[in-house]
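Take 1189 as the starting number for the sequence shown in the numbering used here and just add one per residue. Glycine residues also receive a C-beta, built at the ideal position from the N, C-alpha and C atoms. From a predicted model like this one, the values you see are computed outputs, not experimental measurements. Take a look at the structure below.
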Amino acid sequence: MAVNKVSTVTLKEMKQRGEKITVLTAYDYSTARMLDQAGIDVLLVGDSLGNVILGYDSTIPVTMEDMVSHTRAVSRGTTNALVVADMPFLSYHVSVAESVKNAGRLLQEAGANAVKLEGGREIADKVEAINAAGIPVMGHLGLTPQSVNKLGGYKVQGKDEAAARVIINNALALQDAGVFAIVLECIPAPLAKMVTERLDVPTIGIGAGASCDGQVLVIHDLLGLYSDVSPKFAKRYASLNTTIIEAVTKYKVDVKEKKFPGPEHSFGMEEGDLPKLY
Ligand code: KIV
């Protein structure tokens, strides 16, 4: 294990000393290497790959095979960050035994350090069993995209008192079940602050205000790579979509106008050498 490898213990210590935790999604080797080199604490292989990599309109079609494949690539590109892999839709709902087995695959076959599950009290038995198998678990409350059909869309959660109370109770239930951190997605900032203050484990916010112990963004939103939609809560730090289209257009023009490849990109062989190749 690398000397500076981030662990679940590191994250708890960061919360205790008030140091913010940085989390970004990653889905491939090259991106994972860059984010790791930049010193991001946690790389989340999110099932948002269903949207931004595979082109689905939700995370529901994402399979265990998708998650194993992308997590393997991210793990190979990561030295220091903690790699957390999302458990996809229905991979932790059928039975406790199947949940433990699927979580185990993400560590044993794919090299993740931890897994993330969406839901509260209703999945506490699965969280407890996975944790008991030595697999660290991250929780995810508020807007849980795998339940989009039940939630009636991608909407802010916990807006009234009853709904806020459910989120607080679910956070406490997950903490009791042994999670090492909880993602809070799309909930009012004062509620996220309250949850963060009530918990010993760190909260990681996305659309949940500045009081969470850390922040997570989808890397495609941060880099301006995904042109379909950009959530209100995401901050764009670059517009790589435009940069890539411009670069590719220049390449196209160069090839059409016979400017690429030039002599500097070709192997310098005399024509008489060619027969020796065969
Ligand atoms: O799948 C994902 O990318 C996530 C983050 C948005 C938290 O769950």
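- Going by DSSP, Asp-1274 is part of the beta strand (DSSP E) stretching over 1270–1274.
- For Val-1325, the closest of Tyr-1280, Lys-1347, Pro-1249 and Pro-1333 by C-alpha to C-alpha distance is Tyr-1280.
- With respect to Gly-1292, Leu-1362 sits apart: the two C-beta atoms are not nearer than 8 angstroms.
- Taken through DSSP and simplified to helix, strand or coil, Val-1443 comes out as helix.
- Collapsing the DSSP output to three states places His-1328 in a strand.
- Proximity of the beta carbon of Ser-1418 to ligand 1 is not indicated: no heavy atom of the ligand is located closer than 7 angstroms.
- For Ala-1369, the secondary structure class from DSSP, reduced to helix, strand or coil, is strand.
- For Gly-1234, the distance from the CB to the nearest heavy atom of ligand 1 is below 7 angstroms.
- In this structure, the CA atom of Ala-1369 is about 16 angstroms from the CA atom of Ala-1300.
- Straight-line spacing of the CA atoms in Val-1383 and Asn-1429 works out to 36 angstroms.
- Taking 7 angstroms as the cut-off, one finds no heavy atom of ligand 1 near enough to the beta carbon of Asp-1401.
- The beta carbon of Val-1256 lies closer than 8 angstroms to those of Arg-1293, Leu-1294, Glu-1297 and Ala-1298 in the same chain, with the five residues before and after it left out.
- Sorting Ala-1365, Lys-1440, Gly-1393 and Val-1436 by C-alpha distance to the C-alpha of Phe-1421 places Gly-1393 at the top.
- Of all alpha-carbon atoms in Ile-1375, Met-1222, Ala-1302 and Val-1240, the one lying nearest the alpha-carbon of Glu-1349 is that of Ile-1375.
- Under a 10 Å Cβ-count criterion, His-1453 is classified as exposed, with fewer than 16 other Cβ atoms of the shown protein chains found around its own Cβ.
- For Val-1194, there is no enclosing beta strand (DSSP E), since its DSSP letter is neither H nor E.
- The C-alpha of Lys-1304 is placed about 15 angstroms away from the C-alpha of Val-1406.
- For Val-1271, the closest C-alpha among the options Leu-1278, Asp-1224 and Arg-1386 is that of Asp-1224.
- Separation of Arg-1260 and Val-1233 (C-alpha to C-alpha, rounded to the nearest whole angstrom) is 10 angstroms.
- In this structure, Leu-1379 sits near Ile-1355, with a CB-CB distance shorter than 8 angstroms.
- Cβ neighbours of Leu-1237 within its own chain (closer than 6 angstroms, five residues either side excluded): Tyr-1215 and His-1258.
- Closer than 7 angstroms to some heavy atom of ligand 1: that describes the Cβ of Val-1404.
- A distance below 8 angstroms between beta-carbons, with the five flanking residues on each side excluded, links Gln-1403 to the following residues of its chain, in chain order: Lys-1208, Ile-1209, Thr-1210, Val-1211, Ile-1392, Gly-1393 and Ile-1394.
- Here Ile-1241 has Tyr-1215 as same chain residues with Cβ atoms under 7 angstroms from its own Cβ, once five neighbours each way along the sequence are excluded.
- By the Cβ neighbour-count rule, Asp-1388 is exposed, with fewer than 16 other Cβ atoms within 10 Å of its own.
- Scanning the stretch 1374–1439 for uninterrupted beta strand (DSSP E) segments of 3 residues or longer gives 1391–1394 and 1402–1405, listed from N- to C-terminal end.
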